[in-house]
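Undergrad: Please read through the structure below; I'll follow up with questions.
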Amino acid sequence: MSKYALPTTDEMRQLHAADQSSVFQSNFIKLQVDQLLEEVTVDYTAFSSVNATLFALKEAMDAIPAQQVTSEALNLPGLVVRHHHKQVVLPFHPPARLDVVGSYSLRHGTLLDHTLTIDVAIQLPDACFVPKDFTNYRYHDKRSLYLGVLASHLQTATTTSSKSCKPAPWTRLSLVPFAGDASKPILRLHLAPIKKTQVVVQLIPVLSFQCKFPPSKLHPGKSNLRHDPPLDATPVYNNAVLEDMALLSHFRALHAVAAQSESFVQACILVKVWLRQRQPSSSAAASDSVNGFQATMLMLYLIRSGKLSYSTPVDAMVKIWLHFVATTDLTATPLSFPPLKPGQDEEHDENDHGVVVVPTPTGLSAFQQAFDVVFLDPSGRVNVCSRVSKSGWLEIQWLAQQSISILPKATADAFHQVFLQRHSFWARFDEYIWVPVSTSSTTSTISSRLQTTADLALPQEVQHVVAKALGDRVHRVRPLGILPTPSSSWLVTESPPTIHKVVLGLGLNPENAHRIVDKGPEADNKADAATFRAFWKSKAELRRFKDGSIVEAVVWDDVPTSQIVSQIVRTILPFHFDQSSVHGDAIVSSNDTWNDDAYSVAPLLRAWATLQSNVRSLDESVLPLKVSDLQLLAPGLRRTSAAPPT
21 MSKYALPTTD EMRQLHAADQ SSVFQSNFIK LQVDQLLEEV TVDYTAFSSV NATLFALKEA
81 MDAIPAQQVT SEALNLPGLV VRHHHKQVVL PFHPPARLDV VGSYSLRHGT LLDHTLTIDV
141 AIQLPDACFV PKDFTNYRYH DKRSLYLGVL ASHLQTATTT SSKSCKPAPW TRLSLVPFAG
201 DASKPILRLH LAPIKKTQVV VQLIPVLSFQ CKFPPSKLHP GKSNLRHDPP LDATPVYNNA
261 VLEDMALLSH FRALHAVAAQ SESFVQACIL VKVWLRQRQP SSSAAASDSV NGFQATMLML
321 YLIRSGKLSY STPVDAMVKI WLHFVATTDL TATPLSFPPL KPGQDEEHDE NDHGVVVVPT
381 PTGLSAFQQA FDVVFLDPSG RVNVCSRVSK SGWLEIQWLA QQSISILPKA TADAFHQVFL
441 QRHSFWARFD EYIWVPVSTS STTSTISSRL QTTADLALPQ EVQHVVAKAL GDRVHRVRPL
501 GILPTPSSSW LVTESPPTIH KVVLGLGLNP ENAHRIVDKG PEADNKADAA TFRAFWKSKA
561 ELRRFKDGSI VEAVVWDDVP TSQIVSQIVR TILPFHFDQS SVHGDAIVSS NDTWNDDAYS
621 VAPLLRAWAT LQSNVRSLDE SVLPLKVSDL QLLAPGLRRT SAAPPT
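Our numbering applies: residue 21 is where the sequence shown begins, and numbers increase by one.
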């Protein structure tokens, strides 16, 4: 062997062993990972009594008699039935099967919010449907009616007929949106707490891939809704039906890997912790971002594509996942699972469709035209990230890039910043703008055109208009729908809550944010000039500039410099939204109290210095404990605000 040959595997292992700093960092990270996993991982043996409740739940649902169900007979306002072009009647039959799915079965749940969630997939019988029920929201309507029957019976079923076991009583029933989509609710059963932990069973309706709905009719290029004007395609609606058909196969694919790799399970837990620390509060409807299920499916993709192996250490799995998210722009490049390799067998069931579609460039293009983010499941038919918006993915990508830059330090502070520290939405942007909204005919038209609810559609429409208006003044515009209640859940006897505000987080470009003039196309360019005027309406004007150019322009010389951005938002939104849906005159900015006098802060700082001196000089007769330090919290006084404070 040449004396210049590369070290062998054994030699590399010896070299790493000799590097004490490398060993220390590796052991230090492993120690912190193990400690965090011990704190957040669910001790499932402590919740073994829940199994009796699940068996009792199955008995209670199997005992529900077959019946014909209408929305009038149920009279449950919490379950919306559209009756789109046709009255819907559900021939109810007990569930074909029940499967415990999700984190409870995969054993990668967390107790970050002191709640144990148990997902139960309820397979709706084929006898409930006819072949054309995938059109015109009929599946959604029958799905809601089915949940209504279950809710009506489980509301009163506090005990089971079985003598062998007795379930915990349901303290109450509620509904939550499926992945933020209130048109597809999930029924939640709140059980008695176990060891100070809230226990919730979520009933999720699903379909078999062998049901009466042909997957080929649910391609993103197909139109399955009668609409005026007609829609060329209904990809969002089609995907909403397909994902219920594929849920069980997704779970089986995850279970096949989880059963063989403990590192995979632990890595999924850490990734969910990472996401949880960056999610907004429960009153915010941030359903257009990446959730725990999508993050877990991305981890499965990394396994299938060979970027991870079953034996990869858990900390390495998380780093690779973060690096993949940080460097992969799914808004530009679609992602699909590679075909299974020999030895990569996954669990199969008689309900699996068995036909895997290998996406072609034409097929991927159809998905790209329909969705902001494309991540196809192993079947090649379902977009796992159909509800993730472009701004939602770019935000997660930006957060992952931050974490990747911190983790290599391998210090306690770095680990704390990545996994333990709360990263609030309210600390990510330079300016925030609150836009009051309400449900109206305009929002109904928008949600109908986009085949989704107003809570999902309206924030994205507002973001699209504002981002176009601000242009290079900002590098990020992130919308967040705010609910009027502290939770996204609702009772079956109440109407679902809808957002009443859209908050826009703006990352300002300091070089362009406060520009007074926005130049448009030249007057001779008739087509572009017409487009510019159509967007800016009465604010657009034809101007001649000193360089001799005559162009369409928008001028903001009538407002303080620090308020130009918020004034643009106040101006553009009423041009494109009805006053009944977006209240332009009530838009508020976090910069509204600022002015342009950079020196107005000086008296405030002098007053603060005097206050500091007075507080520190207080003797023991006034204040028993001596004050060692005082810190300012206002960003303007800490010299971190986007504009001078008053």
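Just so you know, even glycine gets a beta-carbon here, dropped at the ideal spot from N, CA and C. None of these values were measured; they are calculated from a predicted model.
Mind checking Arg564: buried by the 16 CB within 10 Å criterion, or exposed?
TA: exposed
Undergrad: Leaving aside the five residues before and after Ala202 along the sequence, list all residues of the same chain whose C-beta is less than 7 angstroms from its C-beta, in chain order.
TA: Thr473, Asp475, Pro516
Undergrad: Please name the residue, chosen from Leu360, Gln417, Val512, Ala447, that lies closest to Ser399 on a Cα-to-Cα basis.
TA: Leu360
Undergrad: Have a look at Arg590 and Gly604 and give me their C-alpha separation to the nearest angstrom.
TA: 6 angstroms
Undergrad: Taking Gly1 as the reference, give the member of Ala487, Asn403, Ser507 with the closest Cα.
TA: This structure cannot settle anything about residue 1, because the visible part of the chain is limited to 21 through 666.
Undergrad: With a CB to CB cut of under 6 angstroms and the five nearest residues on each side skipped, what residues in its chain are close to Phe44?
TA: Legend: pLDDT at Phe44 = 44, less than 50; position of this residue unreliable, value from coordinates given subsequently. Same-chain partners within the cutoff: there are none.
Undergrad: Would you check if the segment 580 to 596 and the segment 435 to 455 touch, i.e. whether three or more CB-CB distances between them fall below 8 angstroms?
TA: yes
Undergrad: Quick one: is Val519 buried, meaning 16 or more other Cβ sit within 10 Å of its Cβ, or exposed?
TA: Note that residue 519 corresponds to Ile in the displayed sequence, not to Val. Buried, since its Cβ has 16 or more Cβ neighbours within 10 Å.
Undergrad: Any C-beta of chain D sitting closer than 8 angstroms to the C-beta of Asp82?
TA: The structure shown contains no chain D; it holds only a single protein chain.
Undergrad: Is Val226 near Leu267, with beta carbons less than 8 angstroms apart?
TA: yes
Undergrad: With DSSP collapsed to three states, give me the class of Tyr159.
TA: helix
Undergrad: Apart from the five residues on each side of it in sequence, which residues of its chain come closer than 7 angstroms, Cβ to Cβ, to Tyr64?
TA: Arg127
Undergrad: Suppose the cutoff is 8 angstroms on Cβ atoms and the five residues either side in sequence are ignored; what does the same chain contact list for Val377 look like?
TA: Gly383, Ser399, Gly400, Arg401
Undergrad: Just verifying my parser: in three-state terms, what is the DSSP assignment at Glu561?
TA: strand
Undergrad: Over the uninterrupted beta strand (DSSP E) stretch that includes Asp139, give me the two end residues.
TA: According to the DSSP assignment, Asp139 belongs to the beta strand (DSSP E) that extends over 135 to 143.
Undergrad: At what residues does the beta strand (DSSP E) containing Ile206 begin and finish?
TA: Note, Ile206: beta strand (DSSP E), 201 to 214.
Undergrad: State the DSSP-derived secondary structure class of Ile536, mapped to helix, strand or coil.
TA: Three-state result, Ile536: coil.
Undergrad: Output the boundary residues of the alpha helix (DSSP H) element that contains Thr316.
TA: First-last of the alpha helix (DSSP H) with Thr316: 312 to 324.
Undergrad: With a threshold of 8 angstroms on Cβ separation, who are the neighbours of Cys405 within its own chain once the five nearest residues in sequence on each side are excluded?
TA: Result list for Cys405: Val310, Gln314, Leu350, Phe391, Val393, Val394, Phe395, Trp413, in chain order.
Undergrad: Based on Cα-Cα distance, which residue from Gly312, Pro623, Val285 lies nearest to Ile323?
TA: Val285
Undergrad: Can you give me the Cβ contacts of Arg442 inside the same chain, cut-off strictly under 6 angstroms, excluding the 5 residues immediately before and after it?
TA: Gln297
Undergrad: For the candidate residues Trp576, Lys557, Leu500, whose alpha-carbon lies nearest to that of His534?
TA: Trp576
Undergrad: Between the Cα of Arg553 and the Cα atoms of Lys339, Glu282, Asp538, which residue gives the shortest distance?
TA: Asp538
Undergrad: What are the residues that DSSP puts in a beta bridge with Glu572?
TA: Leu562
Undergrad: Going by other Cβ atoms of all chains shown within 10 Å of its Cβ, with 16 needed for buried, is Trp556 buried or exposed?
TA: buried
Undergrad: Just to confirm my understanding: we take Asp335, look at its own chain, exclude 5 residues before and 5 after, and list those with CB closer than 7 angstroms. What are they?
TA: Ile49, Lys50, Val53
Undergrad: Could you have a look at Tyr257 and say whether DSSP puts it in helix, strand or coil?
TA: helix
Undergrad: Please report the distance separating the alpha-carbon of Ser609 from that of Glu451.
TA: Looking at the two C-alpha atoms, the distance is approximately 7 angstroms.
Undergrad: Comparing C-alpha positions only, which one of Gln230, Leu503, Ala199 sits nearest to Gly312?
TA: Ala199
Undergrad: Going along the chain, which residues of its own chain have a beta-carbon closer than 7 angstroms to the beta-carbon of Leu650, five neighbours each way excluded?
TA: Gln632, Val635
Undergrad: On the DSSP letters alone, give me the boundaries of the alpha helix (DSSP H) that Pro594 sits inside.
TA: 584 to 596
Undergrad: Cα separation between Gly129 and Val438?
TA: So the two alpha carbons sit approximately 19 angstroms from each other.
Undergrad: By Cβ distance, which residues of its chain are closer than 7 angstroms to Val579, with the 5 residues on each side in sequence left out?
TA: Leaving aside the five residues that flank Val579 on each side, the residues in its chain whose CB is nearer than 7 angstroms to its CB run, in chain order, Gln587.
Undergrad: Between Asp161 and Val101, is the Cβ-Cβ spacing less than 8 angstroms?
TA: Yes.
Undergrad: Would you call the segment 131 to 149 in contact with the segment 102 to 119, where contact means no fewer than 3 C-beta pairs closer than 8 angstroms?
TA: yes
Undergrad: Is Lys242 helix, strand or coil when you go by DSSP?
TA: Residue state, collapsed to three classes: coil.
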